[in-house]
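**Student:** Residue numbers (my numbering), protein chains in the order written: chain A, 114 to 441; chain B, 1038 to 1255.
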Amino acid sequence: MAEEGVKVVGMWASPFVARVEMALRLKGVTYEYLREDLANKSEMLLRYNPVTKKVPVLVHGGKPMAESAVIVEYIDEVWKDGYPIMPADPYERAQARFWARYADEKCNPAIYVVYTSAIGEGQAKLVHEAQECLKTLQKALEGKKFFGGDAVGYLDIVVGWYARWVPIIEELSATSIVTLGGFSTSVTDQELPMIKAWFDRILAIDVVRETLPPRDKLLPLCKPDSDWVNLGGFWSLVAVGWIVSVMACVGSSNAVWVTAMMTWAGVHGVVLDGGWGGRSRVSSLSLTTGEGGTPLDVRAATLVVGAVAHRRRPRLECCPVVAVARAA
Amino acid sequence: MADVVLLDLWVSPFGQRCRIALAAKGVAYEYREQDLSNKSELLLRSNPVHRMIPVLLHGGRPVCESLLIVQYIDEAWPVAPRLLPGDPYARAQARFWADFVDKKIFDCGTRLWKCNGAALEQATRDMIEALGALEAELGGKDYFGGEDLGFLDVALAPFTAWFRTYEQCGGFAVAEHCPGLAAWADRCRGRDDVASALTDPDKVYEFALTLKEKFGDK
């Protein structure tokens, strides 16, 4: 009876949905997965979760419930003879719930902000704050293989997604949050070995690895896309025949599309190698004028930066450093 | 130190949740008023992460976060009234709505005393909508928990002392928009375990005005 009609309404790249699936799989519960398009929410989702209209929603025997952390506890209570998720002792349960809240309220936003940050002094401070949050969370791990002890438990399920997402964020934002590895920033050259070791351990668990979105699917989703954007500003500059030089990472998607646009428009332009060795980010735009060496008007420069930065993904809105220089 | 100690602040609705739960369960405890402008060593040691009240100390071990404390009280003293119901689905619903109270009522409430102008109008609309959702969830029952106090009742009851403040700031009447909820609030305040924990609504309003003076938008 318990297994009757278990459905998960979710989206493949949501870490919160992953929590629910992880819990169900640990219990060995079969369920139907209903894929939701978050840009176009279904009538079904709005009926199941009219209050917050979010995924995940678990539907069991026709009864819907929302909030991933609440759902995980529900799963543990219903299939209580299966894999134990919550600790048995009330005090330990309170501790596990405390750290789950801390992770969601403090660590998640701190990590997200690093993902949306631009390279520079400000970013180093954000990385440091994310590290401080994770260092605090680490206290719940001390002396143990997993947050749950010898085996994966509630808190591992709640924060397990960090093991997949944090390395991707480190790569895309060119930072070290957990792993020192050639992406170090000047202020925060430290790593979090306990967390890193836990990342390796948790990804070795079959259920976790199978439930988390695969890295090769997730990475392209998180990268800034190279769609054409609002280029009103750019074209207004092009119209007056300025030469634009773009300092970018050669071969990056940003450099490719800017070059293509300039070629298409017949604009003289040069792509200078930003020297970051293949990391796909435009981290600055250097704009120079053509003959005469007239410095670029700051407002016009802002228009161009705005044109480049206007993306679906918010992260580039706090990008780049604009260097405005006279032509040599 | 007594076996059960509560580190708290007189007017805190979060602390009051814990007081209601302890009173409902008949648990004897020592109440220790905290000075948040000069935090005690015990508070800092017991809640090093947030340094906030309430903190429940049971046998010297600290439990933090009001809703977690209430769940802990329910589990550590598994006597009537059972604050969380036996049925897992009902438990999930109670937890969901308690989380909603934390996210919506407290947030809208803060904006009501803090903001002015268009922001205040938005806060009023948001509060009325949130209370409406809770009214629908109550659905004509005596308590959210059914016939007796439950988890969601404990989570929301302290905020009834703030209804007068919300009404004064937002220029609306709870009873007009949510008569069921207003009746529930009266019912809760008629109980010793709730009434003894709550602050007088006039004192709450006075307190909110001092907050507005100090932290409100200019």
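We put the CB at the ideal spot given by N, CA and C, even for glycine.
Is any non-hydrogen atom of the ligand GDP found closer than 7 Å to the C-beta of A/Met178, if you look at the structure I gave you?
**Tutor:** Of the ligands one can find in the structure shown there are none, so the ligand GDP has no counterpart to examine.
**Student:** Taking Cβ positions only, does A/Lys120 come closer than 8 Å to chain B?
**Tutor:** For this step, residue 120 of chain A is matched to residue 7 along the first sequence. No, because no Cβ of chain B sits closer than 8 Å to the Cβ of A/Lys120.
**Student:** How far does the beta strand (DSSP E) with A/Leu158 in it reach, from first residue to last?
**Tutor:** Taking the first residue of the first sequence as position 1, residue 158 of chain A is located at position 45. A/Leu158 -> not in any beta strand (DSSP E); alpha helix (DSSP H) instead, spanning 156-161.
**Student:** Find the nearest neighbour of A/Asp313 within the set A/Thr288, A/Val265, A/Glu284, A/Ala287, judged by alpha-carbon distance.
**Tutor:** By 1-based counting over the first sequence, the position of residue 313 of chain A is 200. Ranking the options by Cα distance to A/Asp313, first place goes to A/Val265.
**Student:** Taking DSSP as the reference, what is the three-state secondary structure of B/Val1042?
**Tutor:** If you number the second sequence from 1, residue 1042 of chain B lands on position 5. Note: B/Val1042 maps to strand in three-state DSSP.
**Student:** Thinking C-alpha only, which one of A/Ala213, A/Trp212, A/Cys246 is nearest A/Val226?
**Tutor:** The sequence position of residue 226 of chain A within the first sequence is 113, counting from 1. Here the closest residue by C-alpha is A/Cys246.
**Student:** Could you tell me which chain A residues have their CB closer than 7 Å to the CB of B/Leu1105, listed as they occur along the chain?
**Tutor:** For the purposes of this step, residue 1105 of chain B is identified with residue 68 of the second sequence, where counting begins at 1. Simply Ala207, Arg210, Phe211.
**Student:** Under the three-state reduction of DSSP, which class applies to B/Arg1228: helix, strand or coil?
**Tutor:** Locating residue 1228 of chain B in the second sequence gives position 191, counting from the first residue. In the structure shown, B/Arg1228 sits in coil (DSSP, three-state: anything other than H, G, I, E or B).
**Student:** What residues are listed by DSSP as bridge partners for A/Phe259?
**Tutor:** Residue numbering aside, residue 259 of chain A sits at position 146 when the first sequence is read from its first letter. DSSP lists A/Gly262 as partners of A/Phe259.
**Student:** Report back the beta-carbon spacing between B/Leu1120 and B/Val1191 to the nearest angstrom; my notes put them in contact at under 8 Å.
**Tutor:** Reading the second sequence from its first residue, position 83 is the one you call residue 1120 of chain B. Reading the second sequence from its first residue, position 154 is the one you call residue 1191 of chain B. The beta-carbon distance between B/Leu1120 and B/Val1191, rounded to whole angstroms, is 6 Å. This is short enough to meet the 8 Å contact definition.
**Student:** Give me the residue from B/Gly1096, B/Leu1043, B/Phe1137, B/Asn1075 with the minimum Cα distance to B/Arg1069.
**Tutor:** Counted from its first residue, the second sequence places residue 1069 of chain B at position 32. Of the listed residues, the one whose Cα sits closest to B/Arg1069 is B/Leu1043.
**Student:** Within the same chain, show all residues whose beta-carbon is closer than 7 Å to that of B/Trp1114, passing over the 5 residues directly before and after it, in chain order.
**Tutor:** Here residue 1114 of chain B is taken as the residue at index 77 of the second sequence, counted from 1. The residues are Lys1062, Val1064.
**Student:** Given that B/Ala1113 touches chain A, what residues does it touch there, using C-beta distances under 7 Å?
**Tutor:** Stepping through the second sequence from its first residue, residue 1113 of chain B is reached at position 76. Ordered by position in chain A, the residues that pass the 7 Å Cβ test against B/Ala1113 are Pro203.
**Student:** Could you compute how far the alpha carbon of A/Gly295 sits from the alpha carbon of B/Lys1141?
**Tutor:** Here residue 295 of chain A refers to the residue found at position 182 when the first sequence is read from its first residue. Here residue 1141 of chain B refers to the residue found at position 104 when the second sequence is read from its first residue. Because A/Gly295 carries a pLDDT of 40, less than 50, the predicted location of this residue cannot be relied on, and the following value inherits that uncertainty. Approximately 43 Å, taken between the alpha carbons.
**Student:** Tell me which residue opens and which closes the beta strand (DSSP E) that A/Gly123 is part of.
**Tutor:** Here residue 123 of chain A refers to the residue found at position 10 when the first sequence is read from its first residue. It spans 119-123 - the beta strand (DSSP E) in which A/Gly123 sits, taken as one unbroken run.
**Student:** Where does A/Arg148 land, buried or exposed, given buried means 16+ other C-beta within 10 angstroms?
**Tutor:** Counting from one through the first sequence, the residue named residue 148 of chain A turns up at place 35. Here A/Arg148 is exposed. Its C-beta has fewer than 16 other C-beta atoms within 10 Å.
**Student:** How would you list, in chain order, the residues of chain B whose beta-carbon sits under 7 Å from the beta-carbon of A/Glu179?
**Tutor:** Working through the first sequence from its first residue, we reach residue 179 of chain A at position 66. Per the sequence presented here, residue 179 of chain A reads as Ala, with Glu not at that position. The answer, in chain order, is Phe1133.
**Student:** Does A/Lys140 pass the burial test, meaning 16 or more other C-beta atoms within 10 Å, or should it be called exposed?
**Tutor:** One-based indexing of the first sequence puts residue 140 of chain A at position 27. By the 10 Å Cβ count, A/Lys140 comes out buried.
**Student:** Taking only runs that begin and end inside the stretch 1158-1227 of chain B, name each unbroken alpha helix (DSSP H) of 4 or more residues, in chain order.
**Tutor:** 1188-1197, 1200-1207, 1211-1214, 1216-1226
**Student:** Suppose only complete runs of 4+ residues qualify. What are the alpha helix (DSSP H) ranges in the stretch 1052-1083 of chain B, listed by chain order?
**Tutor:** 1078-1083
**Student:** Along chain A, in chain order, which residues have C-beta atoms closer than 7 Å to that of B/Glu1102?
**Tutor:** Working through the second sequence from its first residue, we reach residue 1102 of chain B at position 65. Result: Phe211, Arg214.
**Student:** Check each residue of the stretch 170-201 of chain A: if its Cβ is closer than 8 Å to any Cβ of chain E, include it; give the result in chain order.
**Tutor:** In the displayed structure, chain E is absent; the protein chains listed are A and B.
**Student:** Can you tell which of B/Tyr1126, B/His1214, B/Pro1125, B/Lys1178 has its C-alpha closest to the C-alpha of B/Asp1163?
**Tutor:** Along the second sequence, read from residue 1 onward, the residue named residue 1163 of chain B stands at position 126. Considering only alpha carbons, the answer is B/His1214.
**Student:** Examine the Cβ distances between the stretch 1168-1178 of chain B and the stretch 1205-1222 of chain B and report whether three or more of them are shorter than 8 Å.
**Tutor:** Yes, the stretch 1168-1178 of chain B is in contact with the stretch 1205-1222 of chain B.
**Student:** Could you work out which residue in A/Arg138, A/Asp150, A/Gly195, A/Leu254 is closest to A/Ser127 when comparing CA atoms only?
**Tutor:** Within the first sequence, the letter at position 14 stands for residue 127 of chain A. Out of A/Arg138, A/Asp150, A/Gly195, A/Leu254, A/Asp150 has the C-alpha closest to the C-alpha of A/Ser127.
**Student:** Could you check if A/Thr288 is buried or exposed, using at least 16 other CB atoms within 10 Å of its CB as the buried criterion?
**Tutor:** What you label residue 288 of chain A is simply residue 175 of the first sequence in a count that begins at 1. Classification for A/Thr288: buried.
**Student:** Would you mind working out which of A/Pro306, A/Glu156, A/Val272 sits nearest A/Asn221, comparing C-alpha positions?
**Tutor:** In the first sequence, counting from the first residue as 1, residue 221 of chain A sits at position 108. The residue with the shortest Cα to Cα distance from A/Asn221 is A/Val272.
**Student:** Establish whether the CB of A/Val168 and some CB of chain B are separated by less than 8 Å.
**Tutor:** Numbered from its first residue, the first sequence carries residue 168 of chain A at position 55. Chain B, which has no Cβ nearer than 8 Å to the Cβ of A/Val168, makes this no.
**Student:** Could you tell me whether the Cβ atoms of B/Tyr1180 and B/Gly1187 are closer together than 8 Å?
**Tutor:** For the purposes of this step, residue 1180 of chain B is taken as the residue at position 143 of the second sequence. For the purposes of this step, residue 1187 of chain B is taken as the residue at position 150 of the second sequence. Closer than 8 Å, so yes.
**Student:** State yes or no: is the C-beta of B/Ile1057 within less than 8 Å of the C-beta of B/Gln1071?
**Tutor:** The residue you call residue 1057 of chain B lines up with position 20 of the second sequence. The residue you call residue 1071 of chain B lines up with position 34 of the second sequence. Cβ atoms of B/Ile1057 and B/Gln1071: not closer than 8 Å.
**Student:** Distance, Cα to Cα, B/Phe1137 vs A/Leu158?
**Tutor:** Along the second sequence, read from residue 1 onward, the residue named residue 1137 of chain B stands at position 100. Along the first sequence, read from residue 1 onward, the residue named residue 158 of chain A stands at position 45. Going from the Cα of B/Phe1137 to the Cα of A/Leu158 covers about 18 Å.
**Student:** Return the first residue and the last residue of the beta strand (DSSP E) that A/Tyr146 is part of.
**Tutor:** Your numbering for residue 146 of chain A matches position 33 in the first sequence. Element bounds for A/Tyr146: 145-148.
**Student:** Suppose only complete runs of 4+ residues qualify. What are the alpha helix (DSSP H) ranges in the stretch 189-224 of chain A, listed by chain order?
**Tutor:** Taken in chain order, the complete alpha helix (DSSP H) segments of 4 or more residues contained in the stretch 189-224 of chain A are 203-215.
**Student:** Give the C-beta separation of A/Glu186 and A/Met178 to the nearest angstrom, bearing in mind that I take them to be a contact with Cβ-Cβ under 8 Å.
**Tutor:** The residue labelled residue 186 of chain A in the question sits at position 73 within the first sequence. The residue labelled residue 178 of chain A in the question sits at position 65 within the first sequence. Going by Cβ atoms, the distance from A/Glu186 to A/Met178 rounds to 10 Å, so no, they are not a contact pair.
**Student:** Between which two residues does the alpha helix (DSSP H) harbouring B/Cys1152 extend?
**Tutor:** Counted from its first residue, the second sequence places residue 1152 of chain B at position 115. Element bounds for B/Cys1152: n/a, residue is neither H nor E.
**Student:** Residues bridged to A/Lys252 by DSSP?
**Tutor:** Here residue 252 of chain A is taken as the residue at index 139 of the first sequence, counted from 1. None; A/Lys252 has no bridge partner.
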